[in-house]
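Structure first, then comments.
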Amino acid sequence: MSNQPLVSIIIPTFNRRHIISDAIDSGLAQTHPHCEIIVVDDGSGDDTFCFLQGKYGEQIRLFRQENQGPGIARNRGIAEAGGEFIHFLDADDQLLPENVATCLEVFRQRPQVSVVYSHYQFVAADGTTPQETPPFERFSQDPFCELLAKTGCHILISSSMYRAAALRAVGGFEADTRFRSAEDWDLFLRLARQHKFYGIDQRLVLRRMHGDMLSDDKLRGAWGRLRTVQNARAYGWEACMSADEFDSKEAARHHMLALYLWQQGERRRARQHFEQAMAICPGEARPRRLFWLYTWLLPASAMVWTSRIARVILRR
């Protein structure tokens, strides 16, 4: 076993006592013989920590912290990890048994690669029933520009494995407790500026799908995507697109955040983000003026049909 590289499988968790055993068991079942399972309890209120202590004992390395979000929980795992390689796994998901071994073979054959990502299979909330899954997307020559061009990250955090040195070189996840969604997109952008990626078109992860996303989740997602685009201004975007294109991208993130804020009744904050979008991208201000006006006059329930009216007016 000593000749096999150690792989640290890091599982952050928050109130997932009812399903986290599936994730941990999938890590323990890897065909690669030299893995450590690191679980970081991010301030759960469902007694996850004591439950896992009693069930797994020394089979896992278990840590607890105040609730700070998944990125900071993963950073704790990175700090504690002893492995040459790190594989993240969300508490909802499961690794297929050959996952780690398959990724390690890519690293062995391609020593210049720092990030290996695979395809995945969506499954229902029961953790087993297959669901429709989008086709695999592989980067071409420039993963940074391809990641930046999207509105989010198409790599699943649970389907990616890293050289630990590369993760530490870019500083891990951003240490901002507000950054609770899209923090993986930000990490991948920073990694892609300096490191090579390689994709495997094999479904090596089961991604558990839940019910409809809550409004708070949508709001966190919109904030995280805006924050990521704003951060990317320091990442060298100029090689990927024009200034106008980048401004349009940031303005669109402000617009989406404004819509979700309006939906939650936060009209003043919604108007602030519509105003920021118009200031960043004046050429696209006309539709946003309509939405800005709507937030003064109409309830949040009007958001859907006002969007349709705006599209009709703008086609004239």
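If you use the working numbering, the sequence shown corresponds to residues 17 to 332, in order.
We put the beta carbon where it would ideally sit given N, CA and C, even for glycine.
Just so you know, these numbers come straight off a predicted model, no measurement behind them.
Residue j beta carbon less than 7 Å from that of residue i
i, j, result
"V221", "D38", "no"
"L163", "F204", "yes"
"G59", "N83", "yes"
"G93", "I54", "yes"
"V139", "R224", "yes"
"D202", "N247", "yes"
"R285", "L277", "yes"
"R241", "R269", "yes"
"I173", "D200", "yes"
Secondary structure of residue i, DSSP reduced to three states
i, result
"Q218", "strand"
"T47", "coil"
"K166", "coil"
"L277", "helix"
"M272", "helix"
"I296", "helix"
"R331", "Reliability fails at R331, whose pLDDT of 47 lies under 50, so the model's placement of it is uncertain and the value that follows must be treated cautiously. Here R331 sits in helix by DSSP."
"Y178", "strand"
"Q246", "helix"
"H289", "helix"
"F101", "strand"
"F307", "helix"
"L111", "strand"
"V23", "strand"
"Y72", "helix"
"V122", "helix"
"I40", "helix"
Presumed contact (8 Å Cβ cut-off) between residue i and residue j, rounded CB distance
i, j, result
"E52", "R77", "6 Å"
"A107", "P49", "Contact doesn't hold; Cβ gap of about 24 Å is too wide."
"I102", "I171", "With a Cβ gap of about 15 Å, I102 and I171 do not count as contacting."
"H211", "S130", "4 Å"
"F213", "F155", "6 Å"
Residues sharing a beta bridge with residue i, DSSP
i, result
"V56", "P28, F79"
"V129", "K212"
"V139", "P146, R224"
"S333", "With the chain represented from 17 up to 332, any question about residue 333 goes unanswered, as that position is not in the structure."
Reference residue i; option with closest CA among the options
i, options, result
"F160", "I35, A250, Q280", "A250"
"A181", "E190, R241, Q69, A97", "A97"
"V132", "E74, L314, G85, S176", "S176"
"F79", "G87, V56, Y72", "V56"
"L44", "G252, Q75, H226, D217", "Q75"
"T145", "P127, H226, T118, S42", "H226"
"V23", "Q46, C66, E100, T311", "E100"
"T311", "E300, G237, H271", "H271"
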